[in-house]
Structures are given as structure tokens and as C-alpha cells.
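Counting from 1188, one number per residue, gives the positions in the sequence shown under my numbering.
Using N, Cα and C, we set each Cβ at its ideal position, and we do this for glycine too.
Quick caveat: nothing in here was measured; it's all calculated off a predicted structure.
Some notes on the structure that comes next.
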Amino acid sequence: MISSSFKIPPSEPNLTSDIIHIWFAVLDQPVSEISGFVKTLSKDETIRAGRFHFQKDRNRFIARHGILRTILGCYLGVKASELQFYHGKAGKPATSEIFGKRAIHFNISHSDGVALFAFARKYEIGVDIERIRDISESEQIVEQFFSARDKFFYHALPQEKRRDAFFNCWARQEAFTKGIGQGLSWPLNKFDVMPVTGEWYSPQTVEGAPKGVSDWSIQSLNLDREYAGALAINRKNFTLRSFEWMNSDAHCELSNKSNLSGELI
């Protein structure tokens, strides 16, 4: 399902300041995995999981939060169940300030039973994944939410290439707005995300740009033909490593001496 660029991770992945990690995960996990993830959730997460009407959706929510907690626990050296989170700008989640300089920037996106997780030590980051599919209103979305420049390049494409271009642009927009923590408060048609050549692109803005936007980079991720994905980060040069989630037993086991508490909102 996923590109060969996503590797099996080491048992104890090391996230240094100059490296960005992207993880891909299938959310339809075995019952034994889901049961293990449930034990790591906060009270709030458990309540939210219980609100899902369908078991499949509930299990995917549990897997998404459980995998995030497991990976962050590996990086921070704490048990998954003891992680503490808070909300940043526009509701963007972050690890608790209790970690200080050890804190990790992260972002999550999910679509149709799969998810991407992005992690960085020092830099704000955003990620998005979208299942490529037919959308009857795609042309109207382009006209309303793409910048003038991106609309020009989109309409210059042959008809058979527009669906992929639509989702690639959409994923890049989402990754960038999530990364800068603006959400939908900054109109999507006020910045460009389509590169003319190559994969890397620094957003060009029309108006109302947040401070430091020129420092950001956006890259499309190498997924399979079913999905479009993108990464945005406020740094120009770094090393990107991509992993595929296997199962909880394949990743680090922690001997935790901390006594943290908190909830993921």
C-alpha cells in the first residue's frame, strides 16, 4: 500500500534536531493491538472514543491516538499512558511544556483508514494525507480555494492529470495551514503551494501572511497511487526519514521513572 521509501523503523528510533521523522500507519489494527492502545489513552480520549457509533471508527480513533502516544513515548522516554498534551495556536496539539527543551513538535493526519505522523525536535511541522478519489465539486473547490497562480497551473494540465494535481495541492495546503497553526483563519486562496519544478516549494503569499512564512518549505510525500500526502516545516535544510508502523512489539520498550498525567484534547 505504501511506497518503498517508508522503511521498517529501528527498535529505538533516534530523533535528533536536524532530522524529521514521518510515520505511516494502517489504522485497522488487530484486536490485541487495539486493546493495548486503549490502556494508553487519557480519560478524555476514552470518552471521545466511546462517542463513535461504529466500531470501525472507534477502533481507528483508538489506534491513531495509541500509535501517536507510543511513538512519542519512545522519543521522550516516558510511558505512552503518561504523556501530557496541551493546545497551541488554533487548537494545534503539542507535548506539554513540562518536557522543556526535550519537547517534540508533531502533527497527524488520517484518511480512509490510514494515517501519517510527523515529528521534529526544534521546528514547527504540519502533515496531511488524502485518499485520491472522484469529487464532483472539485472544479468549484479549485475556483474558491486555490490561489490565482495555483488555478493557472491546475487548468493548464491535461484533464486526466487534474485529479491527482487537485489532491496534491489540497494536501500541501492542509499541511501548511496545520503547520503554521492558522487553521482556516488564513484563507487558502491567499497563498501558493504548487511548485513549478521539483518537489520543494516555499509558499508565496498574496496578503496577510504570518511572520516567517518565507522560512517554510512544503514537500509532496512519496505515497502510492491511492493517496496524496504532504509535509510542511519551517526550515529549509534537513534530513527526512520515513517509517512504516509495524506493531507495538516492534518498537521500543520503556522503563519509565516519570510520573506525568494529562489528556490529549
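Runs of alpha helix (DSSP H) lying entirely within the segment 1216 to 1272, each at least 4 residues, in chain order: 1218 to 1225, 1230 to 1237 and 1242 to 1263
Contact between the segment 1331 to 1341 and the segment 1293 to 1311: three or more CB pairs below 8 Å? no
Pull up the DSSP beta-bridge partners for V1314, would you. Walking along the sequence shown from the start, residue 1314 turns up at place 127. L1418.
Which of the three DSSP states is assigned to D1459 in this structure? In the structure displayed, the chain extends from 1188 to 1452; residue 1459 sits before or after that span and is not available.
Let me know if V1380 comes out buried or exposed under the rule of 16 or more other beta-carbons within 10 Å of its beta-carbon. Here the question's residue 1380 lines up with position 193 in the sequence shown. By the 10 Å Cβ count, V1380 comes out buried.
Quick one: what does DSSP say V1213 is sitting in, helix, strand or coil? Within the sequence shown, the letter at position 26 stands for residue 1213. Correct three-state label for V1213: strand.
I need the DSSP call for N1194, collapsed to helix, strand or coil. Locating residue 1194 in the sequence shown gives position 7, where the first residue counts as 1. According to the sequence displayed, residue 1194 carries Lys and not Asn. Looking at K1194 - three-state DSSP - the assignment turns out to be strand.
Can you tell me whether N1314 is buried or exposed, with buried defined as 16 or more other CB within 10 angstroms of its CB? Looking up residue 1314 in the sequence shown gives position 127. According to the sequence displayed, residue 1314 carries Val and not Asn. Classification for V1314: buried.
Report back the beta-carbon spacing between R1256 and L1270 to the nearest angstrom; my notes put them in contact at under 8 Å. Counting from one through the sequence shown, the residue named residue 1256 turns up at place 69. Counting from one through the sequence shown, the residue named residue 1270 turns up at place 83. With a Cβ gap of about 5 Å, R1256 and L1270 count as contacting.
How would you label D1436, buried or exposed, when you count the other beta carbons within 10 angstroms and need 16 or more for buried? As a working note, residue 1436 is residue 249 in the sequence shown. Flag for D1436 reads exposed.
If we ignore side chains and look at the alpha-carbon of each, how far apart do F1425 and F1363 end up? Start at 1 with the first residue of the sequence shown, and residue 1425 comes out as number 238. Start at 1 with the first residue of the sequence shown, and residue 1363 comes out as number 176. Those two C-alpha atoms are separated by around 17 Å.
Please state whether the Cβ-Cβ distance between I1328 and E1413 is less than 8 Å. Your numbering for residue 1328 matches position 141 in the sequence shown. Your numbering for residue 1413 matches position 226 in the sequence shown. No, the Cβ-Cβ distance between I1328 and E1413 is not below 8 Å.
Does the segment 1353 to 1367 touch the segment 1401 to 1418, meaning 3 or more C-beta pairs lie closer than 8 Å? yes
Hey, which unbroken runs of the alpha helix (DSSP H) at 4 residues or more fall wholly within the segment 1330 to 1361? 1335 to 1342
Rounded straight-line distance, which links the Cα of I1254 to that of I1291: Position 104 of the sequence shown, counted from the start, is the residue given in the question as residue 1291. Position 67 of the sequence shown, counted from the start, is the residue given in the question as residue 1254. One C-alpha to the other measures close to 15 Å.
For I1249 versus S1429, is the C-beta distance shorter than 8 Å? Locating residue 1249 in the sequence shown gives position 62, where the first residue counts as 1. Locating residue 1429 in the sequence shown gives position 242, where the first residue counts as 1. No, the pair does not count as a contact, with Cβ atoms beyond the cut-off.
Roughly how many angstroms lie between the CA atoms of R1235 and A1281, to the nearest whole one? Numbered from 1 along the sequence shown, position 48 holds the residue referred to as residue 1235. Numbered from 1 along the sequence shown, position 94 holds the residue referred to as residue 1281. Whole-angstrom Cα-Cα distance: 18 Å.
Go through its chain and collect everything with a Cβ distance to V1213's Cβ below 6 Å, but skip five positions before and after it. Translated into positions along the sequence shown, residue 1213 becomes position 26. Excluding positions up to five away in sequence, the list reads V1301.
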